[in-house]
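This report refers to the structure that appears directly beneath it.
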Amino acid sequence: MIYYLSRVLGFYGDIILGYFVVACIVYFIKLSLATLAVIERQRRRVYTELDDIFCSPLTPAISVLCPAYNEQAGIVHCVRALCNLRYPQYEVIVVNDGSSDGTLEVLRREFALERLDVVYRTSVPSAPVRAVYRSAEYPFLTVVDKENGGKADALNCGINLARAPLFCTVDADSLLDPSALLRGVKPFVEQPKRVVAAGGIIGVANAVGIKRGSVTAVHLSPHPLVTFQVLEYLRSYLMGGTSGSRTNNLLIISGAFAIYRRDIVVQMGGYRPGVVGEDAELTTHLHCFLRARHMSYAVVVVPELVCWTEVPQKLRVLARQRRRWHHGLAQTLFCYRRLLFNPRYGALGMTGYPYLFFIELLAPVVESSGYLVLLVTLAISVVDIHAMLLLLAVAVGYGIFLSVGTLLLEELGYRYYPRGRDILRLGLVAMLECVGYRQMTVIWRLMGLWDAVRGTHAWGVMERQGLGTKAHG
Amino acid sequence: MSLLVATSRERLLLDVLITFLAALTVQIVIVTVHQVVQNRQDASVVRVRAAYVDRVVALLAGDAAPEARRAFLATWPRASDERAIIAQLVLAMAGSVRGSARDGALALLREAGIPEQYQRDLGKRHPWRRATAVAMLGEMEVVEALPDLLPLLRDSSADVRRVTARALGRLGLPQAAEPLLAACEDDLLPPGLAAFSILHIGVAAVPAVRQWAAAAHTTDARAMVAELLGHFHDGTAVPELVGLLHDTSPTVRAAAAESLGRLACEDACAPLLVALSEDDARVRASAAAALGAIGDGQAIAPLLQALADPDDDVGIAAAAALVEHSTQGLAALLGMLGTAGSAAQARAIEAIERSGVASRAAGQWRSSTDTAERARAGHILRSLAAAGGQAPLVNGGISFEELVADVAGSDSPTMTVPRQPRPAHVRADVVTPIRRQRGRRGAHHAVWALPELTALDAAGTTREEVESKP
Numbered sequence: 001m002i003y004y005l006s007r008v009l010g011f012y013g014d015i016i017l018g019y020f021v022v023a024c025i026v027y028f029i030k031l032s033l034a035t036l037a038v039i040e041r042q043r044r045r046v047y048t049e050l051d052d053i054f055c056s057p058l059t060p061a062i063s064v065l066c067p068a069y070n071e072q073a074g075i076v077h078c079v080r081a082l083c084n085l086r087y088p089q090y091e092v093i094v095v096n097d098g099s100s101d102g103t104l105e106v107l108r109r110e111f112a113l114e115r116l117d118v119v120y121r122t123s124v125p126s127a128p129v130r131a132v133y134r135s136a137e138y139p140f141l142t143v144v145d146k147e148n149g150g151k152a153d154a155l156n157c158g159i160n161l162a163r164a165p166l167f168c169t170v171d172a173d174s175l176l177d178p179s180a181l182l183r184g185v186k187p188f189v190e191q192p193k194r195v196v197a198a199g200g201i202i203g204v205a206n207a208v209g210i211k212r213g214s215v216t217a218v219h220l221s222p223h224p225l226v227t228f229q230v231l232e233y234l235r236s237y238l239m240g241g242t243s244g245s246r247t248n249n250l251l252i253i254s255g256a257f258a259i260y261r262r263d264i265v266v267q268m269g270g271y272r273p274g275v276v277g278e279d280a281e282l283t284t285h286l287h288c289f290l291r292a293r294h295m296s297y298a299v300v301v302v303p304e305l306v307c308w309t310e311v312p313q314k315l316r317v318l319a320r321q322r323r324r325w326h327h328g329l330a331q332t333l334f335c336y337r338r339l340l341f342n343p344r345y346g347a348l349g350m351t352g353y354p355y356l357f358f359i360e361l362l363a364p365v366v367e368s369s370g371y372l373v374l375l376v377t378l379a380i381s382v383v384d385i386h387a388m389l390l391l392l393a394v395a396v397g398y399g400i401f402l403s404v405g406t407l408l409l410e411e412l413g414y415r416y417y418p419r420g421r422d423i424l425r426l427g428l429v430a431m432l433e434c435v436g437y438r439q440m441t442v443i444w445r446l447m448g449l450w451d452a453v454r455g456t457h458a459w460g461v462m463e464r465q466g467l468g469t470k471a472h473g
Numbered sequence: 474m475s476l477l478v479a480t481s482r483e484r485l486l487l488d489v490l491i492t493f494l495a496a497l498t499v500q501i502v503i504v505t506v507h508q509v510v511q512n513r514q515d516a517s518v519v520r521v522r523a524a525y526v527d528r529v530v531a532l533l534a535g536d537a538a539p540e541a542r543r544a545f546l547a548t549w550p551r552a553s554d555e556r557a558i559i560a561q562l563v564l565a566m567a568g569s570v571r572g573s574a575r576d577g578a579l580a581l582l583r584e585a586g587i588p589e590q591y592q593r594d595l596g597k598r599h600p601w602r603r604a605t606a607v608a609m610l611g612e613m614e615v616v617e618a619l620p621d622l623l624p625l626l627r628d629s630s631a632d633v634r635r636v637t638a639r640a641l642g643r644l645g646l647p648q649a650a651e652p653l654l655a656a657c658e659d660d661l662l663p664p665g666l667a668a669f670s671i672l673h674i675g676v677a678a679v680p681a682v683r684q685w686a687a688a689a690h691t692t693d694a695r696a697m698v699a700e701l702l703g704h705f706h707d708g709t710a711v712p713e714l715v716g717l718l719h720d721t722s723p724t725v726r727a728a729a730a731e732s733l734g735r736l737a738c739e740d741a742c743a744p745l746l747v748a749l750s751e752d753d754a755r756v757r758a759s760a761a762a763a764l765g766a767i768g769d770g771q772a773i774a775p776l777l778q779a780l781a782d783p784d785d786d787v788g789i790a791a792a793a794a795l796v797e798h799s800t801q802g803l804a805a806l807l808g809m810l811g812t813a814g815s816a817a818q819a820r821a822i823e824a825i826e827r828s829g830v831a832s833r834a835a836g837q838w839r840s841s842t843d844t845a846e847r848a849r850a851g852h853i854l855r856s857l858a859a860a861g862g863q864a865p866l867v868n869g870g871i872s873f874e875e876l877v878a879d880v881a882g883s884d885s886p887t888m889t890v891p892r893q894p895r896p897a898h899v900r901a902d903v904v905t906p907i908r909r910q911r912g913r914r915g916a917h918h919a920v921w922a923l924p925e926l927t928a929l930d931a932a933g934t935t936r937e938e939v940e941s942k943p
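Following this line, the structure appears as structure tokens:
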């Protein structure tokens with residue numbers, strides 16, 4: 001009995017090992033691509049193009065869309081920052097998605113809002129609009145009050161009111177850099193007929209110095225949970241984004257900062273309502289839509305920090321966020337499962353989608369089952385403890401290698417965290433990540449996956465991380 | 474069989490682990506060394522700049538007179554990295570001054586031999602050295618460097634090509650336009666970047682661009698040329714743009730129509746009317762908008778027809794064009810409000826609301842003391858009300874029906890209007906609503922200007938006309 005069990009476990013162990021090796025190779029390729037990009041960029045001359053973009057008549061106007069649901073605490077800071085962006089022509093549309101707190105009242109008081117009559121044309125479907133307001137203080141600021149319908153629905157409502165050829169989505173709990181639009185619009189200016197969507201790098205705003213709505217000094221938060229997340233953000237953006245946009249197989253652009261061409265999104269029917277990860281869904285949909293029409297297009301990430309977001313400092317909130325993210329990922333990947341190894345979708349179908357599916361989506365399943373096998377084999381003691389520990393050490397060592405590799409990229413190419421002690425602390429965190437934090441994220445992601453499998457319908461309501469107190473100010 | 478007990482695997486794993494540890498050590502060493510070196514470099518840049526910044530400011534304050542320059546040059550440092558830092562400092566400060574101070578600063582750099590130094594760098598092996606040299610030459614406006622810069626538009630490094638394009642724009646020499654367009658055509662340069670630089674060169678580049686309108690093979694290049702020609706405000710480009718109206722690509726045709734609207738030349742009216750009935754909706758919409766900007770009388774009837782276009786965007790563009798066109802255009806639009814089909818009505822109302830005509834009429838009705846003006850405003854409001862709320866208006870702050878009830882009932886033309894609070898710091902560089910009037914219930918009527926800068930101007934003037942003519 002035990003013999004057969006050990007045979008089965010051994011076989012399964014081989015599968016996990018194979019998966020591990022493949023994942024290692026994939027990550028190594030990504031790291032190498034990102035390193036090449038950084039080396040290329042390292043001595044790059046930063047030519048002051050932002051001023052040129054600001055002055056040019058070729059720069060398109062942008063509508064900034066900011067959906068808000070129960071954001072009473074932080075909304076004023078966020079909107080104030082949005083009203084002080086450096087950009088020649090833009091408008092800000094804040095969509096109050098039927099908040100149950102005083103979001104609208106706070107906005108009305110702070111920005112001297114007044115009701116106005118407008119023609120509301122439903123280019124894309126959205127929940128009924130209650131009222132439209134315009135600020136007397138900032139005439140380019142519009143606030144829409146609508147029935148609750150979720151984040152995707154709120155964004156659709158914003159698209160209906162947007163008048164500019166491009167629109168930019170912004171999370172109500174994040175802070176845009178004053179020159180974010182100028183940076184983000186660069187690809188659209190350079191290749192006006194080709195670029196359809198652009199994202200940027202998102203930084204962690206906890207404990208950075210903020211003065212009058214813009215970040216002045218970048219420090220690492222002393223909070224340990226935040227430090228883990230800083231490392232994760234660095235890893236995903238420095239490694240994922242820069243290597244993804246080279247081959248045009250970027251499937252996910254974070255909704256915290258993304259610029260899209262309005263006409264194409266309207267043709268697509270806007271955001272799909274009732275989806276958890278509406279940003280990933282839209283980008284994937286965009287790829288499919290344009291590929292099906294044989295259009296030559298580009299989805300890019302601007303390798304510059306454009307947006308600061310506040311990450312959860314409480315374990316419970318973080319758990320909920322991660323669970324929702326993985327749920328959204330699973331949902332989107334399931335919706336577009338036809339992409340998997342489909343040569344008609346080019347690099348996207350052959351590498352981009354399979355990567356997300358096998359490495360990102362299934363990783364928690366494989367990893368948790370690996371831990372389970374480990375425990376069982378230890379329990380029935382058919383295992384050579386030395387080999388087991390060695391395998392574990394290799395896995396942990398590789399994780400550390402990748403994280404420190406990210407830090408290397410950070411240090412060589414970007415230097416967002418210029419202080420030596422911050423780098424040192426990030427390095428220490430990279431060592432500790434594999435003990436505890438990683439396992440927790442595995443559990444959260446499994447829960448998210450479970451939500452997706454069960455088809456939880458909690459996504460009708462926009463779930464935000466409800467950080468009660470904001471450190472802005 | 475099982476991986477858990479195989480000793481050869483154990484050894485392999487150990488080897489792998491050791492490799493990882495070695496790689497890790499290398500990474501850590503690189504990070505540490507880089508951190509130290511970079512911090513030291515940053516500190517030295519700060520030190521050198523701090524030592525010289527006061528002197529550079531004093532020099533520029535005195536317009537960088539020749540004798541002051543000589544004195545400054547006498548203490549110019551020997552070390553090449555320090556020289557580069559100071560050159561960049563002078564250049565950065567020259568960017569924020571105008572006139573003789575700027576000329577003096579650039580002369581100082583020339584006298585220090587900086588341009589020659591960078592011109593030598595143009596042939597360096599590392600792309601970043603070439604890119605830096607090109608960028609500096611562009612910023613110093615070294616026009617003599619043009620022959621050396623042009624070949625770099627076909628450099629092997631994309632970075633160098635881009636920086637070269639920008640530098641050529643700064644030099645502002647029309648000879649650069651043709652090579653820029655050629656590089657764009659050969660897919661060596663993103664079209665937007667080439668367009669940027671050519672716009673920077675200015676009207677002198679128009680002949681080259683016009684020539685290229687017929688010669689360009691790629692769609693992107695032609696679309697870029699079509700868009701560019703509208704931005705120079707040079708009417709000589711109209712024949713080329715009319716030619717591009719017959720292009721095979723709808724993107725190019727739409728861009729050409731848009732540019733013809735920017736140039737607002739009446740000769741373009743006939744070909745645009747043909748474009749108004751073509752297959753592609755984008756081209757029809759652009760043609761309608763252009764016809765509105767030109768404001769020729771023969772466009773009114775076709776634009777009224779285009780109101781019922783199967784495509785929503787075309788219909789709204791036609792309605793907006795009629796509003797922008799002239800007083801007659803607006804009158805024609807108002808005249809058909811009661812008779813047209815519901816789609817056309819809704820589009821007309823949307824265009825009138827967006828353009829601010831409706832809200833201005835409402836405001837005039839309430840506050841104006843001029844009887845003719847009030848009569849005109851009343852006519853607009855009555856026509857809108859006759860359309861019977863076809864457009865999906867939200868808010869109901871003041872619907873048009875209610876306004877007309879006001880028109881009928883109210884006999885107090887000098888109703889007090891609360892003063893509009895002055896915006897605390899409205900920024901001129903941001904698009905602001907063209908007109909804002911405060912309604913009786915505190916409703917705020919406003920429109921957001923059209924995205925195009927030039928369209929904004931044109932619309933503003935025609936609207937003034939609407940007001941001044943009864």
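Just so you know, the protein sequences line up as chains X and Y, in that order. Residue numbers for the first sequence follow our numbering, so the first one is 1 and each next one is one higher. Residue numbers for the second sequence follow our numbering, so the first one is 474 and each next one is one higher. Glycine included, each C-beta is placed from N, C-alpha and C at the ideal position.
message: Is it the case that the region 183-196 of chain X contacts the region 90-110 of chain X, given that we only count it when at least three CB pairs across the two stretches are under 8 Å?
response: At 8 Å Cβ cutoff, the stretches do not touch.
message: Suppose the cutoff is 8 Å on Cβ atoms and the five residues either side in sequence are ignored; what does the same chain contact list for Y/Leu764 look like?
response: In the same chain as Y/Leu764, and ignoring 5 residues on each side of it, the C-beta atoms closer than 8 Å to its own belong to Gly734, Cys742, Leu745, Leu746, Leu749, Ala772, Pro775, Leu776, Ala794, His798, in chain order.
message: Can you look up X/Ser99 in the DSSP assignment and give me helix, strand or coil?
response: For X/Ser99, the three-state secondary structure derived from DSSP is coil.
- prompt: Smallest Cα separation from X/Arg445: which of X/Ala292, X/Arg324, X/Val132?
  reply: X/Arg324 is the residue among X/Ala292, X/Arg324, X/Val132 whose C-alpha sits nearest the C-alpha of X/Arg445.
task: Let me know the secondary structure DSSP gives X/Ala164 once reduced to three states.
output: DSSP places X/Ala164 in coil when its eight states are reduced to three.
Reference Y/Leu780; option with closest CA among Y/Met697, Y/Ala817, Y/Met609: Comparing Cα positions, the closest option is Y/Ala817.
Chain-ordered residues of the region 668-696 of chain Y with a beta carbon less than 7 Å from chain X: Taking 7 Å as the Cβ-Cβ cut-off against chain X, the residues of the region 668-696 of chain Y that qualify are Ala668, Phe669, Leu672, Asp693, Ala696.
message: Tell me the rounded alpha-carbon separation between X/Met239 and X/Gly199.
response: It is roughly 15 Å from the alpha-carbon of X/Met239 to the alpha-carbon of X/Gly199.
is_contact[Y/Val489, chain X] using C-beta, thresh 9 Å: Chain X contact via Cβ: present.
message: Would you say Y/Gln514 lies against chain X (beta-carbon separation less than 9 Å)?
response: Closer than 9 Å: no.
- prompt: Nearest to X/Trp308 by alpha carbon, out of X/Glu410, X/Ala217, X/Ser32, X/Val265?
  reply: Of the listed residues, the one whose Cα sits closest to X/Trp308 is X/Ala217.
task: Look at the alpha carbon of Y/Leu533 and the alpha carbon of Y/Arg602, and state the distance between them as a whole number of angstroms.
output: Approximately 28 Å, taken between the alpha carbons.
task: Indicate the three-state DSSP secondary structure (helix, strand or coil) for X/Val119 in the structure shown.
output: Judged by DSSP in its simplified three-state form, X/Val119 adopts strand.
- request: Would you mind working out which of Y/Ala824, Y/Leu661, Y/Cys657, Y/His673 sits nearest Y/Ala689, comparing C-alpha positions?
  value: Among Y/Ala824, Y/Leu661, Y/Cys657, Y/His673, the Cα nearest to that of Y/Ala689 is on Y/Cys657.
task: May I ask you to report which of helix, strand or coil DSSP gives X/Gly150?
output: Here X/Gly150 carries a coil assignment [DSSP, helix/strand/coil].
message: For a test of the three-state rule: what should DSSP assign to X/Arg130, helix, strand or coil?
response: In the structure shown, the three-state DSSP call for X/Arg130 is strand.
query: So, is the C-beta of Y/Arg839 closer than 9 Å to a C-beta in chain X?
result: Chain X, which has no Cβ nearer than 9 Å to the Cβ of Y/Arg839, makes this no.
field: In DSSP terms, what X/Ala68 is bridged to
entry: In the DSSP output, where bridge partners are listed per residue, X/Ala68 has X/Asn96.
field: Where X/Lys151 meets chain Y, residues with beta-carbon distance less than 8 Å
entry: Those do not exist, as X/Lys151 stays about 21 Å from chain Y at its closest Cβ, beyond 8 Å.
Residue range of the beta strand (DSSP E) that includes X/Phe257: Taken as a continuous stretch (DSSP letters only), the beta strand (DSSP E) holding X/Phe257 covers 257-261.
- prompt: Among Y/Gln801, Y/Gly716, Y/Val530, which residue has its Cα nearest to the Cα of Y/Arg542?
  reply: Answer by Cα proximity: Y/Val530.
query: Are the region 166-178 of chain X and the region 293-301 of chain X touching by the rule of at least three beta carbon pairs closer than 8 Å?
result: A contact is defined here as three or more CB-CB pairs under 8 Å, and the region 166-178 of chain X fails this definition with respect to the region 293-301 of chain X.
field: Residue-level contact to chain X via CB, Y/Gly665, 9 Å cutoff
entry: Yes, Y/Gly665 lies at the interface with chain X (some Cβ there is under 9 Å from its Cβ).
message: Taking only three categories from DSSP, how would you classify X/Pro303?
response: If DSSP states are grouped into helix, strand and coil, X/Pro303 belongs with the strands.
task: Using a Cβ-Cβ cut-off of less than 7 Å, list which residues of the region 390-411 of chain X approach chain Y; keep chain order.
output: Per Cβ criterion, the list reads Leu390, Leu391, Ala393, Val394, Gly397, Tyr398, Ile400, Phe401, Val404, Gly405, Leu407, Leu408, Glu411.
message: Considering only DSSP beta bridges, list what X/Ala298 is partnered with.
response: Its beta-bridge partners are X/Val195.
message: Please list, in chain order, the residues of the region 190-207 of chain X that have any C-beta partner in chain Y closer than 8 Å.
response: Closer than 8 Å at the C-beta level to chain Y, one finds these residues of the region 190-207 of chain X: Glu190, Gln191, Pro192, Lys193, Arg194.
query: Can X/Ala164 and X/Pro60 be called in contact, C-beta distance under 9 Å?
result: Cβ distance < 9 Å, so X/Ala164 and X/Pro60 count as in contact.
- request: Starting from Y/Gly703, trace the alpha helix (DSSP H) both ways and give me its first and last residue.
  value: 692-704 is the span of the alpha helix (DSSP H), which, as asked, contains Y/Gly703.
message: Between Y/Val607 and Y/Leu595, how many whole angstroms is the CB-CB distance? I'm expecting something under 8 Å.
response: 7 Å between Cβ atoms; contact.
message: Counting only Cβ pairs nearer than 8 Å, list the residues of chain X close to Y/Leu494.
response: Under the 8 Å cutoff, chain X gives Gly397.
query: Looking at the structure shown, is Y/Arg911 part of a helix, part of a strand, or coil, going by DSSP?
result: Confidence at Y/Arg911 is low in this model, with a pLDDT of 30, below 50, so its placement is unreliable and no value can be given for it.
message: Using the three-state DSSP reduction, which class does X/Thr142 fall into: helix, strand or coil?
response: Correct three-state label for X/Thr142: strand.
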